[in-house]
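Undergrad: Under numbering that gives the first Met the number 0, the sequence shown has 171 at position 172, and the numbering climbs by one with no breaks. The C-beta atom is built at its ideal place from N, Cα and C for all residues, glycine as well. On a predicted model such as this, the values are computed, not experimentally measured, just so you know. My structure is below; once you've seen it, I'll send some questions.
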Amino acid sequence: MRSPLALFNGSYVGEKPTGIGVVARDLAAALGPELLPAVWPEGLSPDQGSRGHRRRLIWTQQQLPRLWRASGAPLLLSPLPEAPLARGVPSVVLAHDLLPLRFPQFTPLLAYHLAYVPLVLHRARHVLCNSEATAREVHGRLRVPLKRLSVLRLGFSPGLLRPLALERQPFFLVLGRHDPHKNLARLLRAFALLPDRSHGLHLVGPHDRRYTPALQRLAQELGVAERCHWTAWVSNDERLQLLNRAQALLIPSLWEGFGLPALEAMACGTPVLASTAGALPEVVGAAALPLDPLDPEQMASALGAFLAEPALRSQLAAAGPARAAQFSWAQTAGLLEQRLRQLA
């Protein structure tokens, strides 16, 4: 039996994981409980709102160090920049982006992003970054030394995400939260400019009372509300079905630290139209149609060209799986194991 490399902090994973929660779950599974034993406390995930967030931070400082010592593992691995600040706990954390610093919002979590997260990143034994773009930002914005940074590209699960040879239906798919950096207002304006009125827009992601109602009002004002469908959460099987039935996945973000939905769509043979911001070009390569996130007219033009050119749709659909094959959790797990062995 091999000795564990690190204790995995699974406190962020709830019953309906999205984003970081999905990455945390899949990353832990990729390396396995023998090398990466995990703690999965209940009631601390974003599912529980601000109460869960507050309880998780307290648990991280008070309980996690004790659990790490009892595990006998040489390191503590956290799938996001959260770790005990006590000296003597060698933490390795995964940085996904610095969006709250790039696009600050006056919320109760502002101090968390401005103070706690940078402190965790500076005190960590090592910071894993999900992309070159994130690594450049962590170094450039927070001055974390390059020698303590390395890139760990994310993967996907081929068994869960694969082509199903289903008939494509007349709708575009958007996956993700409704935060301002997701740029959904400009996407709605681009969608309204599209001469084609036969296609819908299916937006799947957690609803946020700060943003979702305003976006829905904008859809009404633009005259596209009847063609917009809003879903807060879908199961893995429903997600697979949507990805295989959509005409394309749209990612108009102003910034992404990685862009996992693009990888998921490509794995399903679903064409991707993606913003040129952040790490998205690293993920999609030449397998996606580029979108200018600041220009609704360009986005509308790209959507129009995509619908008008069957050869372009076929080209993107064929390029996706080949591009996605360059990313895998098995590859990620191998790189992570190598890095943890070096650090331990």
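Using the DSSP secondary-structure output, state which residues sit across from V88 in a beta bridge.
TA: DSSP, once it has assigned bridges, lists no residue as partnering V88.
Undergrad: Spatial neighbours of I19 within its chain, please: CB distance less than 8 angstroms, with the 5 preceding and 5 following residues excluded, ordered by chain position.
TA: Answer for I19: Y11, P78, L79 and H95, listed in chain order.
Undergrad: So what's T230 in DSSP terms, helix, strand or just coil?
TA: Three-state DSSP puts T230 in a strand.
Undergrad: Return the residue from the list R124, P144, L63 and L241 that minimises the CA-CA distance to A343.
TA: It is R124.
Undergrad: Applying the criterion that 16 or more other CB atoms from any shown protein chain within 10 Å of the CB defines a buried residue, is H228 buried or exposed?
TA: That one is exposed.
Undergrad: Return the chain-ordered list of same chain residues with a C-beta closer than 6 angstroms to the C-beta of G319, the five sequence neighbours on each side being excluded.
TA: If we look at G319 and ignore the five residues flanking it on each side, its Cβ neighbours are M265, G268 and A286.
Undergrad: May I have the straight-line CA-CA distance separating R188 from L214, to the nearest angstrom?
TA: Cα to Cα, R188 sits roughly 11 angstroms from L214.
Undergrad: Can you name the start and end residues of the beta strand (DSSP E) that N8 belongs to?
TA: Where N8 is concerned, the enclosing beta strand (DSSP E) stretches over L6 to N8.
Undergrad: What does the alpha-carbon distance come out to for the pair P16 and P194?
TA: P16 and P194: Cα-Cα distance of roughly 36 angstroms.
Undergrad: Look at P292 and L262 and say whether their C-beta atoms are less than 9 angstroms apart.
TA: No, these two residues do not count as a Cβ contact at 9 angstroms.
Undergrad: Taking C-alpha atoms, which residue in T331, A224 and L202 lies nearest to V233?
TA: Measuring from the Cα of V233, the nearest candidate turns out to be L202.
Undergrad: Could I get the ranges of all uninterrupted beta strand (DSSP E) runs contained in the segment 231-289, with 3 residues as the minimum, in chain order?
TA: Listed in chain order, they are 247-250 and 271-274.
Undergrad: Quick one, are the C-beta atoms of T59 and P36 less than 9 angstroms apart?
TA: Not closer than 9 angstroms, so no.
Undergrad: Within 8 angstroms, do at least three Cβ pairs link the segment 140-158 to the segment 115-132?
TA: Because the criterion of three Cβ pairs below 8 angstroms is met, the segment 115-132 and the segment 140-158 touch.
Undergrad: Please state the DSSP three-state secondary structure of S2.
TA: The answer is coil: DSSP assigns S2 none of H, G, I, E or B.
Undergrad: Between the Cα of A85 and those of L186, L141, Q61 and R142, spot the shortest distance and give me the residue it belongs to.
TA: Among L186, L141, Q61 and R142, the Cα nearest to that of A85 is on Q61.
Undergrad: Would you check if the segment 135-142 and the segment 159-177 touch, i.e. whether three or more CB-CB distances between them fall below 8 angstroms?
TA: Touching, no.
Undergrad: Just tell me which of A28, E308, Q297 and S44 has its CA closest to the CA of A191.
TA: Considering only alpha carbons, the answer is Q297.
Undergrad: Using a Cβ-Cβ cut-off of 7 angstroms (strictly less than) and excluding sequence neighbours within five positions of A27, which residues of its own chain qualify?
TA: Around A27: F7, G9, L35 and A37.
Undergrad: How long is the line joining the alpha carbons of P103 and L120, rounded to whole angstroms?
TA: Distance between the alpha carbons of P103 and L120 is about 18 angstroms.
Undergrad: Can you give me the C-alpha to C-alpha distance between L160 and E237, rounded to a whole angstrom?
TA: Each residue's alpha carbon lies about 11 angstroms from the other.
Undergrad: By the 10 Å Cβ neighbour count, where 16 or more other Cβ atoms means buried, how is Q246 classified, buried or exposed?
TA: Answer is buried; the Cβ neighbour count reaches 16.
Undergrad: From the DSSP secondary-structure annotation, give me the bridge partner or partners of A37.
TA: In the DSSP output, where bridge partners are listed per residue, A37 has F7.
Undergrad: Which value, in whole angstroms, describes the spacing of the CA atoms of A29 and L335?
TA: C-alpha separation (whole angstroms): 10 angstroms.
Undergrad: Tell me whether V21 sits in a helix, a strand or coil according to DSSP, three-state version.
TA: The answer is helix: DSSP assigns V21 an H, G or I state.
Undergrad: Which same chain residues, not among the five before or five after T133, have their C-beta less than 7 angstroms away from its C-beta?
TA: Answer for T133: A94, H95, D96, G256 and A278, listed in chain order.
Undergrad: Give the range of the alpha helix (DSSP H) segment to which F105 is assigned.
TA: From DSSP, F105 is part of no alpha helix (DSSP H); its letter is neither H nor E.
Undergrad: Under the assumption that L43 contacts R55 (Cβ atoms under 8 angstroms), give the Cβ distance between them as a whole number of angstroms.
TA: 4 angstroms between Cβ atoms; contact.
Undergrad: Of the choices H198, L302, P89 and Q219, whose alpha-carbon is the least far from that of R147?
TA: Comparing Cα-Cα distances from R147 to each of H198, L302, P89 and Q219, the minimum goes to P89.
Undergrad: Note the first and the last residue of the continuous alpha helix (DSSP H) segment covering V203.
TA: From DSSP, V203 is part of no alpha helix (DSSP H) but of the beta strand (DSSP E) over G199 to V203.
Undergrad: State the DSSP-derived secondary structure class of L221, mapped to helix, strand or coil.
TA: Helix, per DSSP.
Undergrad: The beta strand (DSSP E) spanning H125 covers which residue range?
TA: From DSSP, the beta strand (DSSP E) with H125 extends over H125 to C128.
Undergrad: In the DSSP output, what is V150 paired with across the bridge?
TA: Answer is C128.
Undergrad: Only counting the same chain, and skipping five residues up and downstream in sequence, which positions put a Cβ closer than 8 angstroms to that of R340?
TA: Taken in chain order, the residues that qualify are L4.
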